[in-house]
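Chemist: What follows is a structure written as structure tokens; I'll ask about it next.
Quick look at the structure:
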């Protein structure tokens with residue numbers, strides 16, 4: 064390992080991503096900003112992925128092995144082992160743009176008080192990843208500060224994802240459990256919501272990372288909602304307890320209500336009308352209007368229920 068502490072620690076959780084991990088690590092090694100270390104946390108993989116990482120000769124790559132504990136436990140271990148000023152996250156089948164870290168560092172240099180850096184991303188189907196070519200990117204001269212992440216989601220969707228975020232390590236180390244252990248869906252959103260309730264997020268409107276879409280055994284691809292994820296219940300609980308920040312409070316409660324309506328539609332389409340009706344009723348506290356009433360039609364009309372399958 065180099066003697067000096069790097070600016071970036073790129074934490075990569077690894078679980079059965081053998082076919083992709085070399086390309087993922089290579090996308091970090093190709094960064095135009097070379098001041099980084101790579102911390103790969105093998106979370107009890109049963110394939111050849113850890114051996115492929117162990118065979119890499121670059122001294123900036125570290126492999127840590129642990130018994131399987133889930134993606135949150137792996138990321139938390141990576142944070143604990145990191146030495147960088149900022150911890151950047153990259154999933155074991157995603158890719159960084161060659162200028163990813165340079166773009167984020169430019170945002171930091173413009174606003175060195177910022178503790179959360181992020182950028183846009185592009186979704187690329189798995190079948191097209193081998194032929195994917197990154198476009199040349201100029202370092203931007205501006206970034207946006209996101210102070211109300213729930214409102215941003217309501218307006219235009221999530222502007223970044225886990226593999227396009229970096230957080231100051233000192234901020235993460237102040238948390239008992241940055242990523243909630245035992246959860247593999249919404250665990251990243253949970254952290255971004257908690258952070259943004261105290262600090263703005265600097266966001267660069269450029270695709271600095273690639274999200275691989277369509278792997279058959281991925282968590283996202285295999286997930287089927289049957290109940291409200293813990294991230295939404297916790298967001299609601301914190302919003303109800305807020306003593307200040309009325310706009311953030313309202314946006315958080317509205318977002319949770321929207322998620323209840325979305326889940327109610329899914330459950331209605333699957334025939335679970337009683338559970339769907341309870342979610343519909345609970346959403347009324349924070350949201351009414353057209354979407355709320357249309358969801359009622361879905362609950363009681365087979366024709367409308369079929370339309371949301």
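Residue numbers (the working numbering): 64 to 372. Quick reminder that beta carbons are idealized off the backbone N, C-alpha and C, glycines included.
#1: Hey, would you say residue 160 sits closer than 8 angstroms to residue 201, going by beta carbons?
#2: Would you report the Cα separation of residue 100 and residue 333, rounded to the nearest angstrom?
#3: If I'm right that residue 79 touches residue 110 with Cβ under 8 angstroms, what's the distance once you round it to whole angstroms?
#4: Could you check what DSSP says for residue 122 in three-state terms: helix, strand or coil?
#5: Any idea what DSSP makes of residue 174, helix, strand or coil?
#6: Leaving aside the five residues before and after residue 251 along the sequence, list all residues of the same chain whose C-beta is less than 6 angstroms from its C-beta, in chain order.
#7: Any idea what DSSP makes of residue 317, helix, strand or coil?
#8: I'd like the span of the beta strand (DSSP E) that includes residue 10, first residue to last.
#9: Could you tell me the boundaries of the beta strand (DSSP E) in which residue 256 lies?
#10: Checking the sheet assignment: what are the DSSP bridge partners for residue 183?
#11: Kindly indicate which residue of 129, 309, 166 has the alpha-carbon position closest to the one of residue 54.
#12: Residues in the same chain with beta-carbon distance under 7 angstroms from residue 254, minus the five sequence neighbours each way, listed in chain order, please.
#13: Is it buried or exposed for residue 120, if we count other Cβ within 10 angstroms and need 16 for buried?
#14: At 3 residues or longer, what runs of the beta strand (DSSP E) sit wholly inside the stretch 108–158?
#15: Between residue 328 and residue 221, what straight-line distance do the alpha-carbon atoms span, to the nearest angstrom?
#16: Which residues does DSSP pair with residue 275 in a beta bridge?
#17: Judging by CA-CA distance, which residue of 211, 174, 181 is the nearest neighbour of residue 151?
#18: In the DSSP assignment, the alpha helix (DSSP H) including residue 84 goes from what residue to what residue?
#19: Counting along the chain, where does the alpha helix (DSSP H) carrying residue 231 start and finish?
#20: Considering only residues of the same chain and omitting the five flanking positions on each side of residue 176, which have a CB-CB separation below 8 angstroms?
#21: Are three or more beta carbon pairs between the stretch 314–324 and the stretch 209–218 nearer than 8 angstroms?
#22: Quick check on residue 194: buried or exposed, where buried means 16 or more other Cβ atoms within 10 Å of its Cβ?
#23: Determine the burial state of residue 300: buried for a count of at least 16 other Cβ atoms within 10 Å of its Cβ, exposed for fewer.
#24: Which value, in whole angstroms, describes the spacing of the CA atoms of residue 87 and residue 94?
#25: To the nearest angstrom, how far is the alpha carbon of residue 71 from that of residue 139?
Modeler: Per the coordinate set shown:
#1: The answer is no: Cβ separation not under 8 angstroms.
#2: 46 angstroms
#3: In this structure, residue 79 and residue 110 form a Cβ contact; the two beta carbons are roughly 5 angstroms apart against a cut-off of 8 angstroms.
#4: coil
#5: coil
#6: 225
#7: helix
#8: One cannot answer for residue 10 here, as it falls past the ends of the chain, which runs 64 to 372.
#9: First-last for residue 256: 250–259, but that is the alpha helix (DSSP H), not the beta strand (DSSP E).
#10: 270
#11: Because residue 54 is not part of the residues shown, which for the chain are 64 to 372, the question remains open.
#12: 241, 242
#13: exposed
#14: Correct list: 124–129, 149–152.
#15: 21 angstroms
#16: Looking at the DSSP output, residue 275 shares a beta bridge with 187.
#17: 181
#18: It spans 81–92 - the alpha helix (DSSP H) in which residue 84 sits, taken as one unbroken run.
#19: Run containing residue 231: none in the alpha helix (DSSP H); it sits in the beta strand (DSSP E), 228–231.
#20: Excluding sequence neighbours, residue 176 sits near nothing in its chain.
#21: yes
#22: By the 10 Å Cβ count, residue 194 comes out exposed.
#23: exposed
#24: Roughly 12 angstroms between the two C-alpha positions.
#25: 16 angstroms
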